[in-house]
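Chemist: Starting off with a structure, shown below.
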Amino acid sequence: MGVHVAVVGATGAVGDMIRRVLVEREFPIRSIKFLASEKSVGKRVEFAGKPYTVELLRPEAFAGVQIVLSSTPGSVSKEFSPIAAKAGAIVVDNSSAWRMDPDCPLVVPEVNGAELHHARKGIVANPNCVAIPLAVALKPLHDISRIQRIVVSTYQSSSGKGATGLTDFDAQLKPYALGQPVPAPTAHKSQLAGNVITLDWTLDPNGYTEEENKVVHETRKIFGDATIGVSPTCVRVPVRIAHSLAINVEFARPISVEEAKAALANAPGVALMDEFQGQFPQPIHAEGSDTTFVGRVRLDPSNPKCLNLWVVSDNLRKGAATNAVQCAEELIRRGIVKG
Ligand SMILES: NC(=O)c1ccc[n+]([C@@H]2O[C@H](COP(=O)([O-])OP(=O)(O)OC[C@H]3O[C@@H](n4cnc5c(N)ncnc54)[C@H](OP(=O)(O)O)[C@@H]3O)[C@@H](O)[C@H]2O)c1
55 MGVHVAVVGA TGAVGDMIRR VLVEREFPIR SIKFLASEKS VGKRVEFAGK PYTVELLRPE
115 AFAGVQIVLS STPGSVSKEF SPIAAKAGAI VVDNSSAWRM DPDCPLVVPE VNGAELHHAR
175 KGIVANPNCV AIPLAVALKP LHDISRIQRI VVSTYQSSSG KGATGLTDFD AQLKPYALGQ
235 PVPAPTAHKS QLAGNVITLD WTLDPNGYTE EENKVVHETR KIFGDATIGV SPTCVRVPVR
295 IAHSLAINVE FARPISVEEA KAALANAPGV ALMDEFQGQF PQPIHAEGSD TTFVGRVRLD
355 PSNPKCLNLW VVSDNLRKGA ATNAVQCAEE LIRRGIVKG
């Protein structure tokens, strides 16, 4: 029993986490292979306590594979995901290449898992690492009263930039702490140690970063409602892992704090942290966890139809690897892939 799996981009920050999450969740595997670029061919990666040799990502590698978990740059996914799909696999893709394609569902299983049935290209897109926790935290509230507008400011960790982001940030930390010259940034757009960077992404012609535009369009697609207003500001902060989100959300009718907290306390994938018990979500809570932590639930003093919340989530886990593996589990559970 189990399925034939290929992990593409297996040597990256997300690919590494996918290997761990597959083991932790006891994903049903009949065979597994690990693919990456030429640079990594022959490298050893560990999976379930055993060493595996990384193979080259090439069309022939998909023969007999049923599920591909892909975490490469978008340009690589654009080329190889259709090849994998043509070979008969379903691809769950972490890049942004397919997220807005109308034939590729953009799935957060707790929110819109039924969309998995509409992967007309054989590709399921995993949303951006901000859009996922935003959707997980807001879905239980959207079910009470329709969301009309979201204003979100993000506090995003270095690892959102991948393995090279973390290497860059780690190299800056010690010299910064010792008051020594900090090496020039190699992945982030500016020094991150002791700093925050609001332009750590490509700037789009509309004056928003690529990341901010993803948050707008992906949130609407996940909720299936193009009328939801989304106003984002994305910022990189000197944290290794886990993104934080300050959210102001406007509903069609007012929701009380008590009503919101009751819904969040029972929502799948969410942990409500109560400030009156001295608790509030922090990246150090989220790192290593698949839970979306929600706290600081407050009525907006300027608008009775709005709530303020603070949300924290591990960007490598629920923001990428765990959500992708959950999608793969759902593909089997729904009979879309035969296990
Ligand atoms: N980091 C996050 O928090 C996060 C969250 C959500 C989504 N994502 C998305 O997930 C994807 C991977 O992100 P990451 O953070 O894991 O990046 P990463 O650490 O830079 O890893 C990239 C992976 O892609 C592989 N790759 C690059 N070029 C390739 C090629 N030409 N052929 C085959 N494999 C190639 C790399 O293999 P080599 O080592 O051989 O180069 C590596 O395994 C990106 O699209 C990113 O936007 C990331």
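So in the working numbering, the last spot in the sequence shown is 393, and the numbers never skip.
Ideal placement from N, C-alpha and C gives every residue a C-beta, glycine not left out.
Between the C-alpha atoms of Lys275 and Gly233, what's the straight-line distance to the nearest angstrom?
Modeler: Stepping through the sequence shown from its first residue, residue 275 is reached at position 221. Stepping through the sequence shown from its first residue, residue 233 is reached at position 179. About 46 Å.
Chemist: Would you say Asn182 touches ligand 1, meaning its beta carbon is less than 7 Å from a heavy atom?
Modeler: The sequence position of residue 182 within the sequence shown is 128, counting from 1. Because some heavy atom of ligand 1 lies under 7 Å away, the Cβ of Asn182 counts as near it: yes.
Chemist: Starting from Lys193, trace the alpha helix (DSSP H) both ways and give me its first and last residue.
Modeler: Residue 193 sits at position 139 when you count from the first residue of the sequence shown. First-last of the alpha helix (DSSP H) with Lys193: 185 to 196.
Chemist: Counting along the chain, where does the beta strand (DSSP E) carrying Ile301 start and finish?
Modeler: The residue given as residue 301 occupies position 247 in the sequence shown. First-last of the beta strand (DSSP E) with Ile301: 297 to 305.
Chemist: Nearest CA to the CA of Arg388: which residue from Glu169, Phe101, Asp344?
Modeler: Position 334 of the sequence shown, counted from the first residue, corresponds to residue 388. Among Glu169, Phe101, Asp344, the Cα nearest to that of Arg388 belongs to Glu169.
Chemist: By alpha-carbon positions, which one of Ala115, Val161, Leu363, Ser125 ends up nearest to Gly69?
Modeler: For the purposes of this step, residue 69 is identified with residue 15 of the sequence shown, where counting begins at 1. Closest by alpha carbon: Ser125.
Chemist: Rounded to whole angstroms, what is the Cα-Cα separation between Gly167 and Gly63?
Modeler: Taking the first residue of the sequence shown as position 1, residue 167 is located at position 113. Taking the first residue of the sequence shown as position 1, residue 63 is located at position 9. Cα to Cα, the separation comes out at about 24 Å.
Chemist: Just list the residues that DSSP pairs Ile362 with in beta bridges.
Modeler: Stepping through the sequence shown from its first residue, residue 362 is reached at position 308. Before going further, note that residue 362 is Asn rather than Ile in the sequence given. Looking at the DSSP assignment, Asn362 forms a beta bridge with Asn302, Arg352.
Chemist: Would you give the residue range spanned by the alpha helix (DSSP H) that Arg274 belongs to?
Modeler: Stepping through the sequence shown from its first residue, residue 274 is reached at position 220. Run containing Arg274: 264 to 277, per the alpha helix (DSSP H) assignment.
Chemist: From which residue to which residue does the beta strand (DSSP E) around Ile201 run?
Modeler: Locating residue 201 in the sequence shown gives position 147, counting from the first residue. Here the beta strand (DSSP E) through Ile201 covers 201 to 210.
Chemist: Under the DSSP definition of a beta bridge, which residues are partnered with Gly283?
Modeler: Locating residue 283 in the sequence shown gives position 229, counting from the first residue. DSSP output for Gly283 lists Arg203 as bridge partner(s).
Chemist: By alpha-carbon positions, which one of Lys243, Thr345, Leu257, Ala306 ends up nearest to Pro292?
Modeler: Indexing the sequence shown from 1 puts residue 292 at position 238. Considering only alpha carbons, the answer is Lys243.
Chemist: With a cut-off of 8 Å, do at least 3 Cβ pairs link the region 99 to 108 to the region 135 to 147?
Modeler: No: the two stretches stay apart, fewer than three of their Cβ pairs being nearer than 8 Å.
Chemist: At a cut-off of 7 Å, would you count Val178 as near ligand 1, judging by its Cβ distance to the nearest heavy atom?
Modeler: Within the sequence shown, numbered from 1, the residue matching residue 178 stands at position 124. No, Cβ of Val178 sits at least 7 Å from all heavy atoms of ligand 1.
Chemist: Between Val293 and chain C, is any beta-carbon pair separated by less than 8 Å?
Modeler: The structure shown contains no chain C; it is built from a single protein chain.
Chemist: DSSP beta-bridge partners for Asp344?
Modeler: Within the sequence shown, numbered from 1, the residue matching residue 344 stands at position 290. In the DSSP output, where bridge partners are listed per residue, Asp344 has none listed.
Chemist: Of the residues Asn357, Gly118, Glu313, Tyr209, which one's Cα is nearest the Cα of Pro335?
Modeler: Locating residue 335 in the sequence shown gives position 281, counting from the first residue. Measuring from the Cα of Pro335, the nearest candidate turns out to be Tyr209.
Chemist: Less than 8 Å between the CB atoms is what I'm expecting for Ala191 and Val162, so what's the real figure, rounded?
Modeler: Residue mapping note: residue 191 aligns to position 137 of the sequence shown, counting from 1. Residue mapping note: residue 162 aligns to position 108 of the sequence shown, counting from 1. Wrong, their Cβ atoms sit about 11 Å apart, outside the cutoff.
Chemist: Rounded to the nearest angstrom, how far is the Cβ of Leu353 from that of Ile301, given a contact under 8 Å?
Modeler: Taking the sequence shown and counting its residues from 1, one reaches residue 353 at position 299. Taking the sequence shown and counting its residues from 1, one reaches residue 301 at position 247. Not really, about 14 Å apart at Cβ, beyond 8 Å.
Chemist: Look up Met327 in the DSSP assignment and give the residues it is bridged to.
Modeler: To locate residue 327, count along the sequence shown from 1; it is residue 273. Paired residues: Gly349.
Chemist: Less than 7 Å between the CB of Gly393 and some heavy atom of ligand 1, yes or no?
Modeler: Here the question's residue 393 lines up with position 339 in the sequence shown. Not so, every heavy atom of ligand 1 lies at least 7 Å from the Cβ.
Chemist: Would DSSP call Ile177 helix, strand or coil?
Modeler: For this step, residue 177 is matched to residue 123 along the sequence shown. Residue state, collapsed to three classes: strand.
Chemist: Alpha helix (DSSP H) containing Asp368: first to last residue?
Modeler: If you number the sequence shown from 1, residue 368 lands on position 314. Counting along the chain, Asp368 falls outside any alpha helix (DSSP H), and DSSP gives it neither H nor E.
Chemist: Pull up the CB-CB distance for Ala382 and Val77, whole angstroms please, since I reckon it's below 8 Å.
Modeler: Locating residue 382 in the sequence shown gives position 328, where the first residue counts as 1. Locating residue 77 in the sequence shown gives position 23, where the first residue counts as 1. Incorrect: roughly 14 Å between the Cβ atoms, too far for contact.
Chemist: Helix, strand or coil: how does DSSP classify Ser244 here?
Modeler: For the purposes of this step, residue 244 is taken as the residue at position 190 of the sequence shown. It is coil, neither helix nor strand.
Chemist: Please report the straight-line C-alpha distance between Thr273 and Ala90, rounded to a whole angstrom.
Modeler: Counting from 1 along the sequence shown, the entry for residue 273 is found at position 219. Counting from 1 along the sequence shown, the entry for residue 90 is found at position 36. Going from the Cα of Thr273 to the Cα of Ala90 covers about 30 Å.
Chemist: Quick one: give me the first and last residue of the alpha helix (DSSP H) that Ala224 is part of.
Modeler: Sequence index remark: in the sequence shown, residue 224 carries index 170 (1-based). According to the sequence shown, residue 224 is Asp rather than Ala. Looking at the DSSP string, the run of the alpha helix (DSSP H) that includes Asp224 is 217 to 231.
Chemist: Let me know if Arg371 comes out buried or exposed under the rule of 16 or more other beta-carbons within 10 Å of its beta-carbon.
Modeler: Counting from one through the sequence shown, the residue named residue 371 turns up at place 317. When all chains shown are included, Arg371 counts as buried.
Chemist: Going by C-alpha to C-alpha distance, which of Pro358, Thr221, Ala306, Gly332 sits closest to Gly349?
Modeler: Along the sequence shown, one-based indexing puts residue 349 at 295. Out of Pro358, Thr221, Ala306, Gly332, Gly332 has the C-alpha closest to the C-alpha of Gly349.
Chemist: From the DSSP output, in three-state form, read off Pro259 for me.
Modeler: Position 205 of the sequence shown holds residue 259. Three-state result, Pro259: coil.
Chemist: Using the Cβ count rule (16 or more neighbours within 10 Å means buried), how would you classify Glu384?
Modeler: For the purposes of this step, residue 384 is taken as the residue at position 330 of the sequence shown. With 16 or more Cβ atoms within 10 Å of its Cβ, Glu384 is classed as buried.
Chemist: Going by DSSP, what residue range makes up the beta strand (DSSP E) through Lys392?
Modeler: Along the sequence shown, one-based indexing puts residue 392 at 338. Unbroken run through Lys392: none, as it is neither H nor E.
Chemist: Please state if the CB of Ser213 and the CB of Ile338 are separated by a distance shorter than 8 Å.
Modeler: By 1-based counting over the sequence shown, the position of residue 338 is 284. By 1-based counting over the sequence shown, the position of residue 213 is 159. Against a cut-off of 8 Å, the Cβ pair of Ser213 and Ile338 comes out as no contact.
Chemist: Is Lys140 helix, strand or coil by DSSP?
Modeler: Your numbering for residue 140 matches position 86 in the sequence shown. Note: Lys140 maps to helix in three-state DSSP.
Chemist: Report yes if the CB atom of Ala143 is closer than 8 Å to the CB atom of Ile121, and no otherwise.
Modeler: Taking the first residue of the sequence shown as position 1, residue 143 is located at position 89. Taking the first residue of the sequence shown as position 1, residue 121 is located at position 67. Cβ distance < 8 Å, so Ala143 and Ile121 count as in contact.
Chemist: With a cut-off of 8 Å on the beta carbons, I'd call Asn369 and Cys158 a contact; round off their distance for me.
Modeler: Position 315 of the sequence shown, counting from 1, holds the residue named residue 369. Position 104 of the sequence shown, counting from 1, holds the residue named residue 158. Not really, about 21 Å apart at Cβ, beyond 8 Å.
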